[in-house]
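K.L.:
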Amino acid sequence: MRIRLNINGKDYESDVEPRTLLVDFIRDVAGLKGTHIGCETGSCGACMVLLDGKPVKSCLMLAAQAEGKKIVTVEGLSEGGKLNAVQKSLSQKKALQCGFCAAGFSIMGTWILENEQDTDYERVKSDLAGVVCRCSGYEPIINAIVEAAKNERKD
Amino acid sequence: MKAPPSFDFIRINKLNEFYENVDRYSSPLIISGGTVAVLMLKNRVIRPDVVIDISGIEELNVLKKDKEKNEVFIGSNIKLHELKSILPDDSASELILKAATTVGDIAIRSMGSVGGNVCLGDPGNDLPVALAAVGANAVVGSREGIRTVPVSECYVKPFKTVLKKGEILLGVSYKMLYGYRTSYNKFFINFLDHYVGIVAAIAKVEGISIKDMRMAVSGEAIGTTVKIDLAEFSKIDEINAIKDKLNKFVNERSMSDDRFGTVKFKKKVLLTLMFQAIDEVLKA
Chain A
1297 MRIRLNINGK DYESDVEPRT LLVDFIRDVA GLKGTHIGCE TGSCGACMVL
1347 LDGKPVKSCL MLAAQAEGKK IVTVEGLSEG GKLNAVQKSL SQKKALQCGF
1397 CAAGFSIMGT WILENEQDTD YERVKSDLAG VVCRCSGYEP IINAIVEAAK
1447 NERKD
Chain B
5 MKAPPSFDFI RINKLNEFYE NVDRYSSPLI ISGGTVAVLM LKNRVIRPDV
55 VIDISGIEEL NVLKKDKEKN EVFIGSNIKL HELKSILPDD SASELILKAA
105 TTVGDIAIRS MGSVGGNVCL GDPGNDLPVA LAAVGANAVV GSREGIRTVP
155 VSECYVKPFK TVLKKGEILL GVSYKMLYGY RTSYNKFFIN FLDHYVGIVA
205 AIAKVEGISI KDMRMAVSGE AIGTTVKIDL AEFSKIDEIN AIKDKLNKFV
255 NERSMSDDRF GTVKFKKKVL LTLMFQAIDE VLKA
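Same order as they appear, the protein sequences are chains A and B. Throughout the first sequence, residue numbering follows the working numbering, covering 1297 to 1451 in sequence. Throughout the second sequence, residue numbering follows the working numbering, covering 5 to 288 in sequence.
Here it is as structure tokens:
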């Protein structure tokens, strides 16, 4: 079937099988490899993208389901090579180690900054429940996102 | 990489289109959010000939509050994460929200729909227990018309509901309740993704009088969602009699398949959750 998806503001169109997963379309058709394939069961969050502004796990969604919606991947968070507040904070605080989970935390952190009124430690920790990191122990990641939220709101 | 089996895919935007199309296929899979369904496809637990995406049906993406009937209708396409901002502030809605917010994480709740959570028939699903406890009805549509079924009577066995081929869950409706206390507790084994027991309870207490008290249970220990009738109790000092009845209920349930020697454990979990719920809703 012919599918056209809008990813990071750009249209990608291709003939794919109906069973094609969104994560596979993003990686193999659009060539955006920042969205990772991790557990494949919706637990780890490495495949997280924003769909019409809401966080979704692209390994649990068919590409056909996303037609007509706006998708933002980790590559779409930065503008003109400039990292967004969450990415910058994760980098400055050296919050990530191997980086496999970077897409999930960057996407989720960006959603938190844009949608949560309350961005204290406990709230951020609870919101990040769907993203798994196997290196850092979470503390530096949570602190980086809390810091990013503080800085954003100061500005 | 886990790849689903091959199937056709159609997107439906109108209810009439659904009724016209659904009979054309022998084993259709209806999805709205598709979180669990896509996972089941990937694991090849199900092999439909067509996947019908109903997320575009706007008639199912509504929340209606009928003040005259004191009733709420939640369309089956409403996402679980949306409930937080659109449900009214009555006690029944509070219990439903307590259940909805325990589903997965924000991303899963942003994808998962009310209809999917109710229709799957997984004893580990959260909404059916809360909906059964508040006395909600499932509103089911088909080419022949609309019928309502109490949510507590929707489940035949794990992953088997009373919905027939050609039918679609339009949504769930329930009466708003005010001044009730609510309790929602569950016990699960995380690494097995195994929900042993889920208990939802709601009660209205005035002084020492119990004006109304309802409870529903689900989980792998029970196998399906069951409502427990507690209408005979009218005083909070009957708490021991209530607990006796719950004890009897758990002992009478068929948990005879004890291949793994876990029946005693399951019963203990269920009773602990039930007693905790009773204590929470009847506390002064």
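Glycine included, C-beta positions come from ideal geometry on N, C-alpha and C.
1. I need the straight-line Cα distance from N141 (chain B) to Y178 (chain B), nearest angstrom please.
2. Could you check whether the stretch 8 to 23 of chain B touches the stretch 1402 to 1417 of chain A, counting it as contact only if at least three pairs of C-beta atoms, one from each stretch, sit closer than 8 Å?
3. Would you mind telling me which residues of chain A sit closer than 7 Å to T39 (chain B), beta carbon to beta carbon, in chain order?
4. Is the separation between the beta-carbon of V1312 (chain A) and that of M115 (chain B) shorter than 8 Å?
5. Based on the DSSP output, what are the partners of E75 (chain B) in its beta bridges?
6. Name the chain A residues whose beta carbon is nearer than 9 Å to that of I112 (chain B)?
7. Answer with buried or exposed for Q1388 (chain A), where buried requires no fewer than 16 other C-beta atoms within 10 angstroms of its C-beta.
8. Verify the CB distance criterion: does P1436 (chain A) have a CB-CB separation below 8 Å to chain E?
9. Per DSSP, what kind of secondary structure is Y1417 (chain A) in: helix, strand or coil?
10. Does chain B have any CB closer than 8 Å to the CB of Q1413 (chain A)?
11. Provide the residue(s) that pair with D1311 (chain A) in DSSP beta bridges, ordered along the chain.
12. Of all the residues that make up the stretch 90 to 110 of chain B, which are near chain A by a beta-carbon distance shorter than 9 Å?
13. Could you tell me which whole alpha helix (DSSP H) segments of length 4 or greater appear in the stretch 80 to 106 of chain B?
14. Just to make sure I have the definition right: I need the residues of chain B whose C-beta is within less than 8 Å of the C-beta of D1311 (chain A). Which are they?
15. Would you grab the beta carbon distance between I212 (chain B) and D248 (chain B) for me? Rounded to a whole angstrom, and I think it's under 8 Å.
16. In angstroms with no decimal places, state the Cα-to-Cα distance between T1415 (chain A) and S117 (chain B).
17. Using only the alpha-carbon positions, how far apart do I110 (chain B) and D1423 (chain A) sit?
18. Can L1373 (chain A) and T1406 (chain A) be called in contact, C-beta distance under 8 Å?
19. Looking at chain A, is there any beta carbon in it that lies within less than 8 Å of the beta carbon of M115 (chain B)?
20. Which residues of the stretch 6 to 21 of chain B have a Cβ closer than 8 Å to any Cβ of chain A? Give them in chain order.
P.N.:
With the structure as the only source:
1. Put simply, the backbone Cα of N141 (chain B) is about 6 Å away from that of Y178 (chain B).
2. Taking a cut-off of 8 Å on C-beta distances, the stretch 8 to 23 of chain B does not touch the stretch 1402 to 1417 of chain A, as fewer than three cross pairs fall below it.
3. Neighbourhood of T39 (chain B) in chain A, by CB distance below 7 Å: G1338 and L1356, in chain order.
4. In this structure, V1312 (chain A) lies away from M115 (chain B), with their beta-carbon atoms at least 8 Å apart.
5. Paired residue(s): B:D70 and B:K179.
6. Chain A residues near I112 (chain B): G1338, V1352, K1353, L1356 and G1426.
7. Exposed, by the Cβ-count rule.
8. No chain E appears in this structure, whose protein chains are A and B.
9. Here Y1417 (chain A) sits in helix by DSSP.
10. Q1413 (chain A) does not count as touching chain B.
11. According to DSSP, D1311 (chain A) shares a beta bridge with A:R1298.
12. Against chain A - using a Cβ distance shorter than 9 Å - the residues of the stretch 90 to 110 of chain B are G108, D109 and I110.
13. Whole alpha helix (DSSP H) segments, 4+ residues: 87 to 90 and 95 to 104.
14. For D1311 (chain A), there are no C-beta contacts with chain B under 8 Å, since the nearest C-beta of that chain is about 13 Å from it.
15. Contact doesn't hold; Cβ gap of about 19 Å is too wide.
16. Roughly 26 Å between the two C-alpha positions.
17. Cα to Cα, the separation comes out at about 7 Å.
18. Contact: yes.
19. When Cβ-Cβ separations below 8 Å define contact, M115 (chain B) makes contact with chain A.
20. Within the stretch 6 to 21 of chain B, the residues whose Cβ lies closer than 8 Å to some Cβ of chain A are K6, A7, P8, P9, S10, F11, D12, F13 and R15, listed in chain order.
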